[in-house]
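Colleague: Input: one structure, supplied below.
Numbering (our numbering), first residue to last: 33 to 381.
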């Protein structure tokens, strides 16, 4: 497998996207710094011979049910095909419904990182009884994993039904479930077929009822960020916040055109001051039109823009702290002091 090789085996059907990839290889070679569910991680340095050591991440995101026997065979196959000298990292996304001691012993033995998916469970509940039942099941899965020494995080899909509960969900994951790494993913589902080569306007007629609106997504991220930046920086890891900090820390204010979609993005995107951070968003969600009627705008653009504008000042401070060799968590003391002395300074955050 060469440096940029990526192979995937995906389920067929209209929803065969990243969420439904049954097995996915991702090869990332060479020394680099990345933020993952495990936190900040530096890729292995080159070998003395000058050849770079390859790290291969194998992700099973097929959801439940999946048998232990099938997963064991898949892991062993991944390690056989990774090639000599490659480090293989395994990740599994699951609801936790089928986890038991045998599962956890194998996950610990192979150092598998487990993502507990709560999109169809705790995050989807609207009644107090439903939340309590889902909470007990997720908490039980997290405790079982920790008892066996298995790293785990939470992947929470945010939709119209739970978008109004940002602090409740975040605090539940932090204080009750006890996980330190959380990823929030917005649910965007098209409700109408698209003509080949055509585009739809963003609006209620183009998405399903449970699809989160741009306004809901922006408000959700802002609410969670305001709590995280005041008390949890360096203690809790929310992927979009870590990715945003990485963008502010390394930004040249010129987006990487290849990743952002280059000339395929509307002019509004190409001129946007935060394109370096969002890079156009998920390609599958670029079905809206810009104010000028140009196709290719991300459906959630307004929500992302609200979030990036809101976090700009704190992100600049944290980026400066990191460049100065200090801990980004110092932002919590900085904000506390300025909110006492000069509250208007942080009125946007």
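Idealized CB from N, CA, C, for every residue including glycine.
Closest by CA to residue 355, which one among 184, 218, 299, 282?
Modeller: Measuring from the Cα of residue 355, the nearest candidate turns out to be 282.
Colleague: In the DSSP assignment, find the unbroken beta strand (DSSP E) run with residue 310 in it and report its ends.
Modeller: Careful: residue 310 lies outside any beta strand (DSSP E), inside the alpha helix (DSSP H) at 307 to 310.
Colleague: Would you mind sorting residue 365 into buried or exposed? The rule is 16 or more other CB atoms within 10 Å of its CB.
Modeller: Classification for residue 365: exposed.
Colleague: Ignore the nearest five residues each way along the sequence and tell me which others in residue 266's own chain have a CB closer than 7 Å to its CB.
Modeller: For residue 266, where only same-chain residues beyond five positions count, the Cβ hits under 7 Å are 359, 360, 361.
Colleague: One question on the structure: do residue 321 and residue 299 come within less than 8 Å of each other, judged by their Cβ atoms?
Modeller: Not in contact: residue 321 and residue 299 (Cβ atoms no closer than 8 Å).
Colleague: Would you be able to state if there are at least three C-beta pairs under 8 Å between the segment 178 to 185 and the segment 118 to 125?
Modeller: Judged by Cβ distances under 8 Å, the segment 118 to 125 makes no contact with the segment 178 to 185, as fewer than three pairs qualify.
Colleague: At the 8 Å Cβ level, is residue 276 part of the contact set with chain B, yes or no?
Modeller: The structure shown contains no chain B, having only a single protein chain.
Colleague: Let's test the definition: count the other Cβ atoms within 10 Å of the Cβ of residue 303 and tell me whether it reaches 16, buried, or not, exposed.
Modeller: Label assigned to residue 303: exposed.
Colleague: Can you tell me where the beta strand (DSSP E) with residue 131 in it begins and where it stops?
Modeller: Residue 131 -> no beta strand (DSSP E), and no H or E assigned at all.
Colleague: Helix, strand or coil: how does DSSP classify residue 303 here?
Modeller: Three-state result, residue 303: coil.
Colleague: With a cut-off of 8 Å on the beta carbons, I'd call residue 124 and residue 147 a contact; round off their distance for me.
Modeller: 7 Å between Cβ atoms; contact.
Colleague: Can you list, in chain order, the residues of its chain whose CB lies under 8 Å from that of residue 215, leaving out five sequence neighbours each side?
Modeller: Excluding positions up to five away in sequence, the list reads 69, 147, 185, 186, 187, 188, 270, 271, 272.
Colleague: In angstroms, rounded to a whole number, what distance separates the CA positions of residue 137 and residue 169?
Modeller: Taking the straight line from one Cα to the other gives about 19 Å.
Colleague: Which value, in whole angstroms, describes the spacing of the CA atoms of residue 371 and residue 207?
Modeller: Taking the straight line joining both Cα atoms gives about 25 Å.
Colleague: Going by the DSSP bridge assignment, what does residue 185 pair with across the sheet?
Modeller: Residue 185 pairs with 147.
Colleague: Quick one: what does DSSP say residue 328 is sitting in, helix, strand or coil?
Modeller: In the structure shown, residue 328 sits in a strand (DSSP, three-state: E or B).
Colleague: Can you give the Cα-Cα distance for residue 104 and residue 315, rounded to whole angstroms?
Modeller: Roughly 33 Å between the two C-alpha positions.
Colleague: Tell me the DSSP secondary structure of residue 127 in three-state form.
Modeller: It is coil, neither helix nor strand.
Colleague: Considering only C-alpha positions, which residue in the set 204, 241, 297 is nearest to residue 256?
Modeller: When each option's Cα is compared against that of residue 256, the closest is 204.
Colleague: List the residues that DSSP assigns as beta-bridge partners of residue 213.
Modeller: In the DSSP output, where bridge partners are listed per residue, residue 213 has 269.
Colleague: Is DSSP giving residue 348 helix, strand or coil here?
Modeller: Three-state result, residue 348: helix.
Colleague: Mind checking who residue 261 pairs with in its DSSP beta bridge?
Modeller: In DSSP, residue 261 forms no bridge with anything.
Colleague: Within 10 angstroms of its Cβ, does residue 210 collect 16 or more other Cβ (buried), or is it exposed?
Modeller: Residue 210 comes out exposed.
Colleague: Taking the straight line between their C-alpha atoms, what separation do you get for residue 317 and residue 144?
Modeller: Taking the straight line from one Cα to the other gives about 30 Å.
Colleague: Can you name, in chain order, every residue of its own chain whose Cβ lies under 8 Å from the Cβ of residue 369, other than the five neighbours on each side?
Modeller: Once the five neighbours on either side are set aside, residue 369 has no close Cβ partner at all.
Colleague: Start and end of the alpha helix (DSSP H) containing residue 369?
Modeller: 363 to 373 is the extent of the alpha helix (DSSP H) around residue 369.
Colleague: Kindly identify the DSSP beta-bridge partner or partners of residue 111.
Modeller: None, per the DSSP bridge assignment.
Colleague: What number of angstroms, rounded off, separates the C-alpha of residue 328 from the C-alpha of residue 279?
Modeller: Cα to Cα, residue 328 sits roughly 23 Å from residue 279.
Colleague: Which term fits residue 109, buried or exposed, when burial requires 16 or more other beta carbons within 10 angstroms of its beta carbon?
Modeller: Answer is exposed; the Cβ neighbour count stays below 16.
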